[in-house]
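To convert a position in the sequence shown, counted from 1, into our numbering, add 742.
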Amino acid sequence: MTAPTPAPHRSAAAGPARPLADALLPGQKLLAAVIHDVAPETWSRCRILVAALEGLGIAPLSLLVVPHYHGGPRNVAFERWLLQRAALGDELVLHGYDHRDPLTPQGPAQRWLRRVYTAGEGEFAALDHDEALRRLRAGRDWMGSLGVRPAGFVAPAWLMSRGTWEALREQPLRYTCTLREVTLLPQGPSLRCTAQVWSSRSAWRRAASIAWNGALRRLQSDRLLLRLELHPADAGHASTWASWRDVAIAAMGQRRQAVRLEQLADLLADTA
Ligand SMILES: [Zn+2]
């Protein structure tokens, strides 16, 4: 007996998708559901998050994929799953190369940001142009080996040095994101929307991020876009799990349309 093939989020027979701006109804609000740090090492938790989002009726998703997460090896079964997700309609977004900050931070502010706040994961926080370009190319080559041309790049922890911005503008990429904006490359415009993102590394961080996300949800409830940005650790704590689900359920209660990040780039291009 063969397993049933899941239905794609958008029928391949439906022809080219209408531009998002044309398809939007007056007052229609959007939801971008994004999973960070998708890699063989986090695969099991990513699948839990994918299933939970789909269970709430949220699809398609944007999967932020790390080509060489913490230096780990390639995994054929994982890569096959990525392509299955893409065939279902999810977007595969380039998310760094190895997701590790290779440089020593200078000064207390940089040390706090890059060693405490991001736990040394801000790979593109301080890279010069040449090293950023080398890593962007290596990441795109890895995705190319899967037959995927990424439309977007999101830096780990959204931290990008000036050299990274310069290198990004030279790449055939259509958009990037920061904590507060989705930006069309090479020069904008940007769509402002602060990401709803949780911190799971300690009990006090979880409590603080749950309070923050509750307030942010109320603050941004009338906005065009809501960004629900999840990490693998969000599958592992009951309190953050309940908090992000509350945000997702409220978004669906507003009848928000789920969109891939690249569709936001289309929207920005239409309005540029
Ligand atoms: Zn990340």
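By construction, the Cβ of each residue, glycine as well, lies at the ideal position given by its N, Cα and C atoms.
Since we're looking at a predicted model, the values are computed, not measured.
Taking 7 angstroms as the cut-off, the C-beta of A899 counts as close to a heavy atom of ligand 1. Counting other Cβ atoms within 10 Å of its Cβ, T846 stays below 16 and is therefore classed as exposed. Contact check for L1003 against V835 passes: the beta carbons are separated by less than 8 angstroms. Taking 8 angstroms as the upper bound for CB-CB distance, N817 and P844 are not in contact here, some 23 angstroms apart.
Cβ-Cβ separation between D779 and H837: approximately 7 angstroms, consistent with a contact (criterion under 8 angstroms).
Look at C919 here: in three-state DSSP terms it is strand.
In this structure, ligand 1 has no non-hydrogen atom nearer than 7 angstroms to the beta-carbon of H812. Taking all protein chains in view, the Cβ of L869 is crowded by 16 or more other Cβ atoms within 10 Å, so the residue is classified as buried. Every beta strand (DSSP E) of 3 residues or more that sits fully in the stretch 781 to 864 is shown, in chain order, as 804 to 807 and 833 to 836. Per DSSP, the beta bridge partners of F895 are L836 and T918. Taken atom to atom, the span from the alpha-carbon of H979 to that of P892 is near 31 angstroms. In its chain, beyond the 5 residues on either side, L773, A775, I800, A801 and P802 have a beta carbon closer than 7 angstroms to the beta carbon of A1000.
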